[in-house]
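Adding 67 to a residue's 1-based position in the sequence shown gives its number in this note's numbering.
Heads up, the beta-carbon is just placed ideally off N, CA and C, and yes, glycines get one too.
Note that the structure is predicted; figures quoted are calculated from it, not measured.
Working notes, structure below.
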Amino acid sequence: MTNNAAAAAQDTAWSRIWTPWDHLVADAVELTLDPNTAHNQLQISEENRKITYVEERQAYPDHPERFERHPQVLCREILTGRCYWEAEWSSWGHIAVSYKEMARNVVTDCRFGFSDKSWSLFCSANGFTVWHNNVSTSLSTSTPLSNRVGVYVDVSSGSLSFYSVSDTLTHLHTFNTTFTEDLYAGFRVFDSSLALCQIEKTAGGDDCDITNTELHTFVQSVV
């Protein structure tokens, strides 16, 4: 084998050794915020990919899907199959997955993570906490806090995972359940902002065939 052929073979072999992040990115989806659901103290910008909490109420029209009690918003797109996305928060925020039919105008039940219709990761300088059905669990991690969070959902297997994304990928928590309604990504902020991140898909990602359970085990084994 010539030197060039050997180098090409080595490059091909290395290209098959994907990192955990590569496996997640293979299922990356493009999400946009739905202005019809946004609380009127959330300002939407950057082509419907960023929310900022503001004191001045926005002139949004009345809509039955709008959150009225808490500064929250849902994305437009239904989450189907396997989906991965990332969001970057400042100060603090909730990064959630929710059924669209969750309450809009009830003091407690319409907050992400406070009913059986949504699952949420609360992010702040003090750490991470997951919420579901008004039950919270504080998370501990040995890695420094990152303001970038990855979310991976496998609808058919009922798996929802959160990751801290920096130079390394750190698994934070996985919910295992049975999803019974259409799912949407959602966010909540107060005196802060949150933005959906642009993700470039890894070449060859569509050829990856791995279950979320296998992926979760793989990620935990290397981080």
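CA-to-CA distance, residue j to residue i, given in whole angstroms
{"i": "His283", "j": "Arg171", "result": "With a pLDDT of only 49 at His283, under the threshold of 50, the placement of this residue in the model should not be trusted; the figure read from the coordinates follows. If I take the Cα positions, the gap works out to 33 angstroms."}
{"i": "Pro87", "j": "Ala95", "result": "13 angstroms"}
{"i": "Ser205", "j": "His238", "result": "14 angstroms"}
{"i": "Asn103", "j": "Thr210", "result": "37 angstroms"}
{"i": "Ile118", "j": "Ser224", "result": "30 angstroms"}
{"i": "Ser112", "j": "Ser260", "result": "11 angstroms"}
{"i": "Thr147", "j": "Arg124", "result": "33 angstroms"}
{"i": "Val218", "j": "Trp152", "result": "5 angstroms"}
{"i": "Ile266", "j": "Ser158", "result": "22 angstroms"}
{"i": "Phe246", "j": "Arg255", "result": "21 angstroms"}
{"i": "Glu122", "j": "Asn107", "result": "10 angstroms"}
{"i": "Asp176", "j": "Phe195", "result": "21 angstroms"}
{"i": "Arg116", "j": "Asn243", "result": "28 angstroms"}
{"i": "Met169", "j": "Leu236", "result": "31 angstroms"}
{"i": "Ser165", "j": "Cys264", "result": "19 angstroms"}
{"i": "Phe189", "j": "Trp198", "result": "7 angstroms"}
{"i": "Glu135", "j": "Gly253", "result": "15 angstroms"}
{"i": "Val222", "j": "Ala93", "result": "16 angstroms"}
{"i": "Asp89", "j": "Lys268", "result": "8 angstroms"}
Pair within 7 angstroms by beta-carbon distance, residue i and residue j
{"i": "Ala154", "j": "Val216", "result": "yes"}
{"i": "Leu98", "j": "Glu144", "result": "yes"}
{"i": "Tyr127", "j": "Phe257", "result": "no"}
{"i": "Leu91", "j": "Cys142", "result": "no"}
{"i": "Val140", "j": "Ala163", "result": "no"}
{"i": "Lys184", "j": "Tyr251", "result": "no"}
{"i": "His161", "j": "Ser187", "result": "yes"}
{"i": "Cys62", "j": "Val220", "result": "Because the chain in this structure spans residues 68 to 290, residue 62 falls outside the shown range and cannot be described."}
{"i": "His130", "j": "Arg178", "result": "no"}
{"i": "Asn193", "j": "Trp156", "result": "no"}
Nearest-angstrom Cβ-Cβ length linking residue i and residue j, presumed shorter than 8 angstroms
{"i": "Leu227", "j": "Thr208", "result": "At roughly 18 angstroms, the Cβ-Cβ gap does not stay under 8 angstroms, so Leu227 and Thr208 are not in contact."}
{"i": "Val229", "j": "Asn201", "result": "Sequence check: residue 229 is Phe here, not Val. Actually they are not in contact, since the Cβ atoms of Phe229 and Asn201 sit about 18 angstroms apart, beyond 8 angstroms."}
Start and end residues, beta strand (DSSP E) containing residue i
{"i": "Asn243", "result": "Leu236 to Asn243"}
{"i": "Asp221", "result": "Arg215 to Asp221"}
{"i": "Ile145", "result": "Unbroken run through Ile145: none, as it is neither H nor E."}
{"i": "Thr204", "result": "Val202 to Leu206"}
{"i": "Cys190", "result": "Ser185 to Ser191"}
{"i": "Thr196", "result": "Gly194 to His199"}
{"i": "Ile266", "result": "That residue, Ile266, is in no beta strand (DSSP E); it is neither H nor E in DSSP."}
{"i": "Cys150", "result": "Arg149 to Trp156"}
{"i": "Ser182", "result": "Looking at the DSSP string, Ser182 is not in any beta strand (DSSP E), and its letter there is neither H nor E."}
{"i": "Phe254", "result": "Leu250 to Val256"}
{"i": "Leu212", "result": "Unbroken run through Leu212: none, as it is neither H nor E."}
{"i": "Ala163", "result": "Trp159 to Tyr166"}
{"i": "Phe229", "result": "Ser226 to Val232"}
_Please give me, in chain order, every unbroken run of the beta strand (DSSP E) with length at least 3 that falls completely inside the region 89-137._
109-112 and 117-120
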